Amino acid sequence: MTLGNFAFRVAKGLFTMEGDIKMTGAKGIWVFIESERDEIRKVSLETLCEARKLANGLNEELCALLLGDKVESLAELPPHYGADRVFLMQHESLSYHNVDAHLNVVANLVKENSPRILLFGSTPLAKELAPRLAAQLRVGLVTDAADVKIDASGKLVVRKPVYGGKAHATFACAPATPQMASVAPGFMDVKPPDASRKGEVVKLALVAGGKTNVEFIEFIKGDPRTVAITEAEMIVAVGRGLEKKENLSLIEELADKLGASIGGSRVAVDNGWVPAERQVGMTGKTVAPRLYIACGISGQYPHTVGMERSGTVMVINTDRNAPMFKLADIGVLGDVSQVVPAISKRLSEVIAPPKEKAQ
Ligand SMILES: Cc1cc2nc3c(=O)[nH]c(=O)nc-3n(C[C@H](O)[C@H](O)[C@H](O)COP(=O)(O)OP(=O)(O)OC[C@H]3O[C@@H](n4cnc5c(N)ncnc54)[C@H](O)[C@@H]3O)c2cc1C
């Protein structure tokens, strides 16, 4: 059923939207796509690729919901990762972390189109948006999924780590639609993009903005030293090969130059070099940064299971047979206490110091 051009008032009369959209009934899988600095976030792509499998199993359409400010250039990408259609909405109120604006728009799109399943990547925005949406729609939500499947009766079945990752629990969503879940970063594979795959882009215009309860004032980038390691874009991780606490200053210097967070193996935590909440691995955190530098970490399974979905992996180790080298994109055979300062020195040479402000 085609609604044609339409205009409707969103919750609390805050926005009006217009566009051309086809009704799908209580069918289809939707993925909320987020972008950052002109790139789609990796967790959104992970979620999309996994959702493609669900859509194939159900033989239903996979739609990507791309909201933001000036994000049109990204609209062709979700089909490369499996989406059949992209709902694109651009408005300045949808930039940054404006939960009210996103909630109004997504709630109305869902009410109008009744998707069967709605998935989010577990990001700071989604952590606020998804529960509010679930409450407004009076449906359930399972957060931070490690795995999503559809059972024989069509229910969304979600597995997630519980008790700090010591166990996994499986939840089945109630039949009310949409069945909702957010997907934790780093648990699912991103398939190589297929640039020949095209999808329909449905442009939706938010033609009248209005006040929300929250006003965006300023974007303050998180301090890599304090940001949760699961959110870190780059991680310098230390293991027993750090040898002594005094060497931590070398790691801090490198991390500061890169703008990276510091993590560690369990041995590093046990030695008091890194706080427990920064342990990477089976009993620590699962991370998927763009860059992971493993300094003196042997690469045993309980550690690698927590970082194996990182982007580029650099390994510094004195043992050429260390299993960690199997995961390395860049391997350096050498002593942490010599290699790390050498990298920091080189970075100082190639990274231009910030320019003086013009008077
Ligand atoms: C149930 C269970 C859960 C666990 N959970 C976790 C977990 O969540 N996270 C985790 O990390 N571990 C976990 N472990 C522990 C895990 O099995 C390993 O013991 C641990 O990861 C090893 O840490 P490491 O690599 O720092 O130390 P090691 O295995 O001792 O490796 C040290 C490495 O440093 C290299 N090295 C030594 N000196 C230097 C130097 N000067 N320069 C460069 N390289 C050097 C060595 O060649 C070696 O490869 C768990 C274990 C169990 C049983």
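Here the sequence shown stands for residues 16 to 374, where the numbers follow my numbering.
Cβ atoms here follow ideal geometry from the backbone N, Cα and C, with glycine treated the same way.
Because the structure is a prediction, the values reported are computed rather than measured.
For residue i, tell me which candidate among the options has the shortest Cα-Cα distance.
i: tyrosine 178; options: Val354, Thr298, Glu143; result: Thr298
i: glycine 214; options: Lys341, Asp99, Leu80; result: Asp99
i: leucine 109; options: Leu219, Ile244, Ser313, Trp45; result: Leu219
i: valine 120; options: Tyr96, Lys142, Val101, Leu148; result: Leu148
i: isoleucine 232; options: Ala161, Tyr111, Arg293, Ala66; result: Tyr111
i: isoleucine 55; options: Cys188, Ser88, Glu364, Met195; result: Ser88
i: alanine 252; options: Tyr307, Ala184, Ala66, Ser50; result: Tyr307
i: lysine 260; options: Ser59, Asn286, Ser280; result: Asn286
i: glutamate 14; options: Asn113, Asn336, Glu292, Met195; result: Not covered by the structure: residue 14. The range shown for the chain is 16 to 374.
i: methionine 203; options: Asn262, Lys236, Ser137; result: Ser137
i: alanine 66; options: Asn262, Val205, Ser264; result: Val205
i: proline 146; options: Ser363, Ala343, Met195, Gly237; result: Met195
i: arginine 305; options: Asn74, Val58, Pro207; result: Val58
Please find out if some non-hydrogen atom of ligand 3 comes closer than 6 Å to the beta-carbon of residue i.
i: proline 356; result: Inclusion of ligand 3 in the displayed structure is not the case, the ligand content consisting of ligand 1 alone.
Measuring only from the beta carbon, is residue i closer than 6 Å to any heavy atom that is part of ligand 1?
i: asparagine 113; result: no
Is residue i helix, strand or coil by DSSP?
i: tyrosine 111; result: coil
i: leucine 362; result: helix
i: serine 88; result: helix
i: aspartate 159; result: strand
i: valine 347; result: strand
i: proline 338; result: helix
i: histidine 106; result: coil
i: asparagine 262; result: helix
i: cysteine 188; result: coil
i: serine 313; result: coil
i: glycine 278; result: strand
i: tyrosine 96; result: coil
i: valine 101; result: strand
Does the Cβ of residue i have 16 or more other Cβ atoms within 10 Å, making it buried, or fewer, making it exposed?
i: glutamine 353; result: exposed
i: threonine 301; result: buried
i: glycine 201; result: buried
i: tyrosine 96; result: buried
i: glutamate 61; result: buried
i: phenylalanine 102; result: buried
i: lysine 360; result: exposed
i: serine 325; result: buried
i: glycine 349; result: exposed
i: arginine 240; result: exposed
Name all residues in chain order for which at least one heavy atom of ligand 1 lies closer than 5 Å to the residue's CB. Proximity to ligand 1 was defined by a C-beta distance below 5 Å to any of its heavy atoms, and the residues meeting it, in sequence along the chain, are Gly254, Arg255, Gly256, Ser280, Arg281, Val282, Gly296, Met297, Thr298, Gly299, Gly311, Ile312, Ser313, Gln315, Pro317, His318, Asn332, Thr333, Asp334, Ala337, Asp350, Val351.
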